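Count the sequence shown with our numbering and you get residues 9 to 187, in order.
Just so it is clear, CB atoms sit at the ideal spot from N, CA and C, and this is done for glycine as well.
Since the model is a prediction, treat every value here as computed from it, not as a measurement.
Read through the structure below, which is laid out as structure tokens, and then see the notes.
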Amino acid sequence: DNLDGKSGSHFVFRMVSIAGKFYAGGGAINKRPLVFNSSELASAEWWHFTKHEVYSDDDGEVRTLASPDNGLTLFAGGRLNDGDRGFIATSSDKGGTWKDIAITLPGGRINDICFAPDGMHGVACSDRQANGVVFVTADGGKTWSEKATEANKSLERCVATNDYFLVAGSSHLAKGTYQ
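Here's what the structure looks like:
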């Protein structure tokens with residue numbers, strides 16, 4: 009399970025740099041959803057990564073990582089295999105431990121999470137049985153609510169501003185507000 013190019017069996021779905029630290033989210037069939045974070049540069053060729061299980065009792069995948077506050081709080085999103093549901097989890101210790109945030113997304117997965125520059129507004133885009141689903145927050149990710157969408161295809165990426173957000177997917181681009 010290393011990201012050093014020498015061994016491993018997890019796919020990496022997303023890599024991000026937050027506050028000078030690198031994070032990677034991944035998973036695989038019959039594997040725990042993981043977040044890897046970088047340690048100090050060990051050599052000229054490879055960074056050493058520490059792995060953290062997002063869920064220790066279920067298999068799945070981390071598809072996205074984001075932070076509203078320059079790395080003090082992290083959010084991971086993806087899909088759990090048991091019950092086939094999408095998830096959002098949060099960490100306040102740089103990925104060491106994770107807590108599930110209660111969202112309802114049966115038959116789907118969270119594909120992307122992003123936050124506005126104010127750190128309070130955010131959006132998570134996803135799919136549920138091939139239909140686009142959007143969750144929004146206005147309190148820095150403490151609570152999330154589902155927002156109605158007309159997307160009949162998966163929503164894959166999002167961008168957030170303080171006033172509105174954009175979501176995009178298969179032949180679909182939409183603008184929305186947090187209300």
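Tell me the rounded alpha-carbon separation between residue i and residue j.
i      : j      : result
Gly127 : Val142 : 18 Å
Gln137 : Gly94  : 11 Å
Phe33  : Ile26  : Residue identity check: residue 33 is Gly in the sequence provided, not Phe. Cα to Cα, the separation comes out at about 13 Å.
Glu154 : Arg22  : 23 Å
Cys122 : Phe30  : 16 Å
Asp101 : Val167 : 25 Å
Ile96  : Gly28  : 23 Å
Ser178 : Glu69  : 21 Å
For the beta strand (DSSP E) holding residue i, just list the boundary residues, first then last.
i      : result
Lys107 : 107-109
Leu82  : 82-88
Ser99  : 93-99
Arg71  : 68-74
Asp171 : No beta strand (DSSP E) holds Asp171; DSSP gives it neither H nor E.
Thr145 : 139-145
Tell me residue i's beta-bridge partners as DSSP assigns them.
i      : result
Phe30  : Ser25
Ser153 : Val144
Gly177 : Leu163, His180
Which residue from the options puts its Cα closest to that of residue i?
i      : options                       : result
Thr81  : Val43, Asp67, Ser99           : Ser99
Pro114 : Phe44, Pro125, Gly86, Asp120  : Gly86
Cys133 : Leu42, Asp120, Ala124, Gly148 : Asp120
- [ ] Could you tell me whether the region 91-107 touches the region 63-81, where touching means 3 or more Cβ pairs closer than 8 Å?
- [x] By the Cβ test, the region 91-107 is in contact with the region 63-81, since at least three Cβ pairs between them sit closer than 8 Å.
Task: Meets three-Cβ-pair contact criterion under 8 Å: the region 156-167 and the region 176-183 - done: Between the region 156-167 and the region 176-183, the count of Cβ pairs shorter than 8 Å is three or higher; the stretches touch.
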